[in-house]
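Number of protein chains: 2
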Amino acid sequence: MPLPLAGLVVLDLTHVLAGPFASMTLADLGARIIKVERPGTGDDTRTFPPFKNGKSAYFAAINHGKASIALDLKADSDRATFERLVARADVLLENFRPGVMERLDYGWETLHRKHPRLIYGAVSGFGHTGPDARRPSYDMVAQARGGVMSITGEADRDPVRVGASIGDIAAGMYLTQGVLAALYDRQRTDTGRKIDISMLDCQLAILEHAIAIASVTGKAPAPSGARHPSIAPFETFHASDGLFVIAAGNDVLFEKLCVALSLPIADDPRFGSNADRVENVRLLKRLIEAVTLDQTRAHWIAKLTAAGIPNAPIQSVDDVMRDPQIVARNMVVDVLDRNGRQAFKAAGNPIKMTDAEDRTARAPAPDLDGNRGEILRWLDGD
Amino acid sequence: MPLPLAGLVVLDLTHVLAGPFASMTLADLGARIIKVERPGTGDDTRTFPPFKNGKSAYFAAINHGKASIALDLKADSDRATFERLVARADVLLENFRPGVMERLDYGWETLHRKHPRLIYGAVSGFGHTGPDARRPSYDMVAQARGGVMSITGEADRDPVRVGASIGDIAAGMYLTQGVLAALYDRQRTDTGRKIDISMLDCQLAILEHAIAIASVTGKAPAPSGARHPSIAPFETFHASDGLFVIAAGNDVLFEKLCVALSLPIADDPRFGSNADRVENVRLLKRLIEAVTLDQTRAHWIAKLTAAGIPNAPIQSVDDVMRDPQIVARNMVVDVLDRNGRQAFKAAGNPIKMTDAEDRTARAPAPDLDGNRGEILRWLDGD
Numbered sequence: 001m002p003l004p005l006a007g008l009v010v011l012d013l014t015h016v017l018a019g020p021f022a023s024m025t026l027a028d029l030g031a032r033i034i035k036v037e038r039p040g041t042g043d044d045t046r047t048f049p050p051f052k053n054g055k056s057a058y059f060a061a062i063n064h065g066k067a068s069i070a071l072d073l074k075a076d077s078d079r080a081t082f083e084r085l086v087a088r089a090d091v092l093l094e095n096f097r098p099g100v101m102e103r104l105d106y107g108w109e110t111l112h113r114k115h116p117r118l119i120y121g122a123v124s125g126f127g128h129t130g131p132d133a134r135r136p137s138y139d140m141v142a143q144a145r146g147g148v149m150s151i152t153g154e155a156d157r158d159p160v161r162v163g164a165s166i167g168d169i170a171a172g173m174y175l176t177q178g179v180l181a182a183l184y185d186r187q188r189t190d191t192g193r194k195i196d197i198s199m200l201d202c203q204l205a206i207l208e209h210a211i212a213i214a215s216v217t218g219k220a221p222a223p224s225g226a227r228h229p230s231i232a233p234f235e236t237f238h239a240s241d242g243l244f245v246i247a248a249g250n251d252v253l254f255e256k257l258c259v260a261l262s263l264p265i266a267d268d269p270r271f272g273s274n275a276d277r278v279e280n281v282r283l284l285k286r287l288i289e290a291v292t293l294d295q296t297r298a299h300w301i302a303k304l305t306a307a308g309i310p311n312a313p314i315q316s317v318d319d320v321m322r323d324p325q326i327v328a329r330n331m332v333v334d335v336l337d338r339n340g341r342q343a344f345k346a347a348g349n350p351i352k353m354t355d356a357e358d359r360t361a362r363a364p365a366p367d368l369d370g371n372r373g374e375i376l377r378w379l380d381g382d
Numbered sequence: 001m002p003l004p005l006a007g008l009v010v011l012d013l014t015h016v017l018a019g020p021f022a023s024m025t026l027a028d029l030g031a032r033i034i035k036v037e038r039p040g041t042g043d044d045t046r047t048f049p050p051f052k053n054g055k056s057a058y059f060a061a062i063n064h065g066k067a068s069i070a071l072d073l074k075a076d077s078d079r080a081t082f083e084r085l086v087a088r089a090d091v092l093l094e095n096f097r098p099g100v101m102e103r104l105d106y107g108w109e110t111l112h113r114k115h116p117r118l119i120y121g122a123v124s125g126f127g128h129t130g131p132d133a134r135r136p137s138y139d140m141v142a143q144a145r146g147g148v149m150s151i152t153g154e155a156d157r158d159p160v161r162v163g164a165s166i167g168d169i170a171a172g173m174y175l176t177q178g179v180l181a182a183l184y185d186r187q188r189t190d191t192g193r194k195i196d197i198s199m200l201d202c203q204l205a206i207l208e209h210a211i212a213i214a215s216v217t218g219k220a221p222a223p224s225g226a227r228h229p230s231i232a233p234f235e236t237f238h239a240s241d242g243l244f245v246i247a248a249g250n251d252v253l254f255e256k257l258c259v260a261l262s263l264p265i266a267d268d269p270r271f272g273s274n275a276d277r278v279e280n281v282r283l284l285k286r287l288i289e290a291v292t293l294d295q296t297r298a299h300w301i302a303k304l305t306a307a308g309i310p311n312a313p314i315q316s317v318d319d320v321m322r323d324p325q326i327v328a329r330n331m332v333v334d335v336l337d338r339n340g341r342q343a344f345k346a347a348g349n350p351i352k353m354t355d356a357e358d359r360t361a362r363a364p365a366p367d368l369d370g371n372r373g374e375i376l377r378w379l380d381g382d
């Protein structure tokens, strides 16, 4: 069977991360992505390190399999080409500051009038409405203003940012969801919609329980380091050679843990219930670590796994890429060069589906304007 | 116009967070969610604090607007009801350990044979394939093993977990994307698919650039605290009363910043280019903070905003809920009780669309089995 979005054409004006992440997922689901870049420099991420053979690995990790055409949307001849592309597109994506597309005369209202079936997906720092609609944003600005930094970090130190760019990526994922919902709906209504995604909105959307806590208790949740806020023991511990997580979420698991660690504290009233263990969590951590520091991570992981106690190593990204479960799931794929050789690595598609080929390689990330010829031939009626 | 997924029926067997987060989004897009819970206790999150009037705010923040029926999937009469529900469902969602549904004789193969149009969405710790398929997982286990913790935290201290449950939530968002793509595709093929989402897979998928860095340089990226890894100044700074982010991403912005701070270092060769500033980032931070500590956050934010320098406060979750941009975007909504009164708060739907009402309130979170009567009447042919 073809991939779910086979045959769909996405005209992608987005650059950097949020938008390109969304179109990457659409490509993994089978859509054809035509990436419109500004002439000369193209997408900023073409200049992001690290480089390999002169090409950005960052750009490749996100833009593999897309086709690139460079267009100056203020120049008449390029505008003519662009308008031919819009006429053939199912979806248009943009992440300009709100107002930019309107000034180009390519805003939602104009495009919808001419192409009522076009789905228009916009992602921006703050959305297309509201007092801050026209302000620029960045991933760290979204993480800071959006609340996730305030709950990430050690309890008595300054907050830290999330190491993954979730300010951009959560927005990219919500853009994808909006586009897919609009595509489904269009088959019934034969009409497109504009989707308006704000990076800031998406930060709040992923804070689920923190909103519940803040609104009921009147207090904002605080960061909890590497520890679950309300279950113990459920945090990271040092082995002789690295960190790992023990998640002993109930009394039964705690007793099993005490046996596995030869730590005879299961009957100690200070640790009798989860509530007791949470109250004495720092003492509990020190007692557990007094034992775990003596052996390697691998030793404890094997022992706890055999006893049925959930656990995990804190893996670095290169560890994860070699993790047998990740490898078995085809979650690290090759991005090829134009000669079919492996040039870069990228994350695989996590949306595994029956009857949908889960490819082990990806087509190259495009050179700037590298697909102009084939795109123009396609417009001319291949 | 109706919401995009109006008329769609989702039979939701999921519990806790990843699955219910996905069905919450589907509900916000217009689908009808029938939440099947185990009798007696129901979804574990009904017991998660904080509580208000005896009801869990956590449960309410994620399960608003869903209908609940309690079914024991091993009891004949409940199985008969369940099978009538499956026959009417467009989508089934489950997050049991791989194998559980098969043992109940409700696995994908069986259901697909009887209901070839049914879309079967599964989310689990490690996926339905691979050596660890049957292992349990938790959000922190996914965050630890999946790599994001290794890049979150201060550079020379132990890693921390991301304060939002992105182990669960990224998986929930990918499940939503898979379901929506399958729904779109079903209109062409008239056939359902099984979607198999792994929490671990999804952690790698959101690490985009970290994979690029690890694969090209051979070194895993390290945590970078509250600082952008390759741009400076682009981090958090202390004002007299709190933390805020300055994102001066290029030479022009840096010069404007020096003017705004009355800090005459724009011509200092140690800070001449971004590369110089990154090399001397700790000195740069101390110099900037020497100035910013003298005034409030509000003072600096106003000054920098007027100068066009991107910035943001580090907001706590309750600050975010009151943020004027968030309020203008309807991103904090009321969850009502059965008398139509505001009982809880929840995040709004970030997927804003034209012609789709963006409601300011949500229907109540259901009582356990609270909608049995109306569900059975619907099955009988309303």
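Which chain is which? The protein sequence lines are A and B, in order.
Oh and the first sequence: position 345 is 345 in my numbering, straight run, nothing missing.
Oh and the second sequence: position 202 is 202 in my numbering, straight run, nothing missing.
All residues carry an ideal CB built from backbone N, CA and C; glycine is no exception.
Item to check | Bounding residues of the beta strand (DSSP E) (the contiguous stretch that carries Asn274/A) | outcome: Careful: Asn274/A lies outside any beta strand (DSSP E), inside the alpha helix (DSSP H) at Asn274 to Glu279.
Checklist entry - Since Thr354/A contacts Val333/A with CB under 8 Å, what's their CB separation in whole angstroms? => result That belief does not hold up - the Cβ atoms of Thr354/A and Val333/A are roughly 19 Å apart, past 8 Å.
Item to check | From Ile166/A, Lys52/A and Lys303/A, residue whose alpha carbon lies closest to that of Ala205/B | outcome: Ile166/A
Next on the checklist: Here's the rule I'm using: 16 or more other beta-carbon atoms within 10 Å means buried, otherwise exposed. How should Ser262/B be labelled?
Outcome noted: exposed
Checklist entry - Would you say Glu37/B and Leu379/B are within 9 Å of each other, going by their C-beta atoms? => result no
Next on the checklist: For a contact defined as C-beta to C-beta under 8 Å, what are the partners of Cys202/B on chain A?
Outcome noted: Pro350
Item to check | Contact with chain A by Ala182/B, beta-carbon distance below 9 Å | outcome: yes
Next on the checklist: Using 9 Å as the threshold, is the C-beta distance between Ala236/B and Pro159/A below it?
Outcome noted: It should be noted that the sequence gives Thr, not Ala, for residue 236/B. Going by C-beta atoms, Thr236/B is nearer than 9 Å to Pro159/A.
Checklist entry - So, are the CB atoms of Ile351/A and Asp28/A less than 9 Å apart? => result yes
Item to check | When Leu111/B, Arg282/B and Ile34/B are compared against Gly7/B, the one with the closest alpha-carbon | outcome: Ile34/B
Item to check | Contacts of Pro264/A in chain B (Cβ-Cβ under 8 Å) | outcome: Here the premise fails: no neighbours, minimum Cβ distance about 26 Å.
Checklist entry - In terms of alpha-carbon separation, which member of Asp319/A, Pro264/A and Arg79/A lies closest to Gly242/A? => result Asp319/A
Item to check | Own chain partners of Thr152/A with C-beta closer than 8 Å, once the 5 adjacent residues on each side are dropped | outcome: Pro159, Val160, Arg161, Val162 and Pro223
Next on the checklist: Using 9 Å as the threshold, is the C-beta distance between Gly121/A and Met199/A below it?
Outcome noted: no
Checklist entry - Can you tell me whether DSSP reads Phe48/A as helix, strand or coil? => result coil
Next on the checklist: Relative to the C-alpha of Arg46/B, which candidate in Tyr58/B, Thr176/B, Ile314/B and Arg134/B has its C-alpha closest?
Outcome noted: Tyr58/B
Checklist entry - Is Pro233/A near Val281/A, with beta carbons less than 9 Å apart? => result yes
Checklist entry - Residues bridged to Tyr120/B by DSSP? => result Leu92/B and Lys194/B
Checklist entry - Whole-angstrom Cβ separation of Leu85/A and Leu104/A, contact assumed at under 8 Å? => result Actually they are not in contact, since the Cβ atoms of Leu85/A and Leu104/A sit about 14 Å apart, beyond 8 Å.
Checklist entry - So is Thr110/A in contact with chain B if we call contact Cβ pairs under 9 Å? => result no
Checklist entry - Going by beta carbon distance, what residues of the same chain come within less than 6 Å of Arg61/B, once the five residues before and after it are set aside? => result Looking at the sequence shown, residue 61/B is not Arg but Ala. The answer, listed in chain order, is Ala346.
Checklist entry - In the region 247 to 308 of chain B, which residue ranges form an unbroken beta strand (DSSP E) of at least 3 residues, counting only runs that do not cross its ends? => result none
Item to check | Inter-residue spacing [alpha-carbon to alpha-carbon] between Ile69/A and Gln177/B | outcome: 27 Å
Item to check | Proximity to Thr110/B [Cα-Cα], best of Thr41/B, Pro20/B and Arg193/B | outcome: Arg193/B
Item to check | Rounded C-alpha distance that separates Phe244/B from Met140/B | outcome: 28 Å
Checklist entry - From what residue to what residue does the alpha helix (DSSP H) around Val320/B run? => result Val317 to Arg322
Next on the checklist: Any beta carbon of chain A sitting closer than 9 Å to that of Leu207/B?
Outcome noted: yes
Checklist entry - Which whole-angstrom value describes the C-beta separation of Ile246/A and Ala182/A, a residue pair presumed to lie in contact below a C-beta threshold of 8 Å? => result 44 Å between Cβ atoms; not a contact.
Checklist entry - What does Lys285/A reach in chain B if we use C-beta pairs closer than 7 Å? => result Going along chain B, no residue has its Cβ under 7 Å from Lys285/A, so there is no contact; the nearest lies around 12 Å.
Checklist entry - Ala290/B to Ser150/A, Cα distance in whole Å? => result 23 Å
Next on the checklist: Closer than 8 Å is the cut-off here; do at least three beta carbon pairs connect the region 204 to 219 of chain B with the region 206 to 226 of chain A?
Outcome noted: no
Checklist entry - Whole-angstrom Cβ separation of Pro136/B and Ala328/A, contact assumed at under 8 Å? => result Not a contact, Cβ separation roughly 18 Å.
Checklist entry - If we call anything under 9 Å between Cβ atoms a contact, is Pro20/B one with Gly172/B? => result yes
Checklist entry - Are the C-beta of Ser224/A and some C-beta of chain B separated by less than 9 Å? => result yes
Next on the checklist: What are the residues in the region 144 to 162 of chain A lying within 8 Å of chain B by C-beta distance?
Outcome noted: Ala144, Arg145, Gly146, Gly147, Val148, Met149, Ser150, Ile151, Thr152, Gly153, Glu154, Arg157, Asp158, Pro159, Val160, Arg161 and Val162
Checklist entry - Ile326/A: which of Gly348/A, Ala239/A, Ala275/A and Asp276/A sits nearest, CA to CA? => result Gly348/A
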